[in-house]
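Inspection log for the structure reproduced underneath, given as structure tokens.
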Amino acid sequence: DSGVTQTPKHLITATGQRVTLRCSPRSGDLSVYWYQQSLDQGLQFLIQYYNGEERAKGNILERFSAQQFPDLHSELNLSSLELGDSALYFCASSAGQGWSPLHFGNGTRLTVT
Amino acid sequence: GNSVTQMEGPVTLSEEAFLTINCTYTATGYPSLFWYVQYPGEGLQLLLKATKADDKGSNKGFEATYRKETTSFHLEKGSVQVSDSAVYFCALSGGTGNQFYFGTGTSLTVIP
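Residue numbers (this note's numbering), protein chains in the order written: chain A, 1 to 113; chain B, 114 to 225.
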């Protein structure tokens with residue numbers, strides 16, 4: 001058990017809809033990262049937060065947004081969903097130091113129909 | 114910039130065979146290096162890490178040595194088992210903000 005909790009585990013929704021994915025980091029970790037994993041694209045970095053502040057942005061679409069709250073949990077909001085957004089979405093956390101590893105949650109599997 | 118290049122798969126081995134998965138990196142400064150494993154239906158799990166040159170990370174029979182002169186961090190195991198079937202990712206962390214860079218993953222299947 002990595003200590004990172006993601007909810008929900010599965011999500012099925014229709015095109016055009018909006019969903020929110022939730023992540024609770026490992027106790028003591030200040031940094032949260034979001035990744036998208038699809039079959040043909042591998043692991044794509046979306047965005048990173050550190051102690052409530054956005055720290056780095058990757059290949060995150062404008063239709064997607066995220067935030068990290070004062071209690072350090074994070075939410076990833078996906079809107080105007082398209083079929084191509086179907087993927088596994090992972091949250092990971094780290095202590096934020098250069099040598100600190102990432103600890104991953106088990107992911108949310110999003111299916112857009 | 115920082116990047117990781119990983120051996121492409123898929124790799125299929127017989128049980129008890131020797132495993133090597135190649136990983137090379139490009140980085141400024143002194144990155145930390147990691148191997149992660151993803152079993153079917155699960156998230157990525159940290160397998161091993163090395164934080165400075167010549168460090169050897171090891172776990173569950175897997176090993177990798179941080180080679181600065183060849184900018185490599187190859188994963189090895191002397192005798193693979195069916196239970197090692199998974200996708201393996203090489204990664205580095207570096208730069209400001211503890212950013213991570215992942216390879217594309219190598220799928221390993223071990224057959225009895």
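Glycine residues also receive a C-beta, built at the ideal position from the N, C-alpha and C atoms.
Using a cut-off of 7 Å between C-beta atoms, extract the partners of residue i located in chain B.
{"i": "residue 102/A", "result": "213"}
{"i": "residue 31/A", "result": "211"}
{"i": "residue 94/A", "result": "211"}
Closer than 7 Å by C-beta to residue i: which residues in its own chain qualify, once you throw out the five before and the five after it? Chain order, please.
{"i": "residue 8/A", "result": "108"}
{"i": "residue 79/A", "result": "18, 63"}
{"i": "residue 85/A", "result": "78, 110, 112"}
{"i": "residue 225/B", "result": "128, 195"}
Which of the three DSSP states, helix, strand or coil, is assigned to residue i?
{"i": "residue 112/A", "result": "strand"}
{"i": "residue 4/A", "result": "coil"}
{"i": "residue 196/B", "result": "helix"}
{"i": "residue 84/A", "result": "helix"}
{"i": "residue 190/B", "result": "strand"}
{"i": "residue 10/A", "result": "strand"}
{"i": "residue 60/A", "result": "coil"}
{"i": "residue 97/A", "result": "coil"}
{"i": "residue 143/B", "result": "coil"}
Can you tell which of the options has its C-alpha closest to the C-alpha of residue i?
{"i": "residue 130/B", "options": "207/B, 197/B, 203/B, 202/B", "result": "197/B"}
{"i": "residue 146/B", "options": "205/B, 215/B, 224/B", "result": "205/B"}
{"i": "residue 137/B", "options": "153/B, 155/B, 116/B", "result": "116/B"}
{"i": "residue 201/B", "options": "176/B, 180/B, 148/B", "result": "148/B"}
{"i": "residue 207/B", "options": "132/B, 199/B, 127/B, 140/B", "result": "140/B"}
{"i": "residue 193/B", "options": "118/B, 180/B, 124/B", "result": "124/B"}
{"i": "residue 46/A", "options": "103/A, 86/A, 106/A, 66/A", "result": "66/A"}
{"i": "residue 163/B", "options": "104/A, 99/A, 39/A", "result": "99/A"}
{"i": "residue 105/A", "options": "35/A, 20/A, 13/A", "result": "35/A"}
{"i": "residue 181/B", "options": "151/B, 132/B, 143/B", "result": "143/B"}
{"i": "residue 88/A", "options": "27/A, 30/A, 42/A, 71/A", "result": "42/A"}
How would you list, in chain order, the residues of chain A whose beta-carbon sits under 8 Å from the beta-carbon of residue i?
{"i": "residue 218/B", "result": "42, 43"}
{"i": "residue 175/B", "result": "Within 8 Å Cβ-Cβ: nothing; residue 175/B doesn't reach chain A, min ~15 Å."}
Who are the Cβ neighbours of residue i in its own chain at under 6 Å, not counting the five residues just before and after it?
{"i": "residue 24/A", "result": "5, 73"}
So residue i contacts chain A; which residues on that side make the cut at Cβ distance below 9 Å?
{"i": "residue 162/B", "result": "99, 101"}
I believe residue i touches residue j by the beta-carbon criterion, under 8 Å. Please report the beta-carbon distance rounded to the nearest angstrom.
{"i": "residue 122/B", "j": "residue 219/B", "result": "4 Å"}
For residue i, which residues in chain B fall below 9 Å Cβ to Cβ?
{"i": "residue 106/A", "result": "154, 155, 156"}
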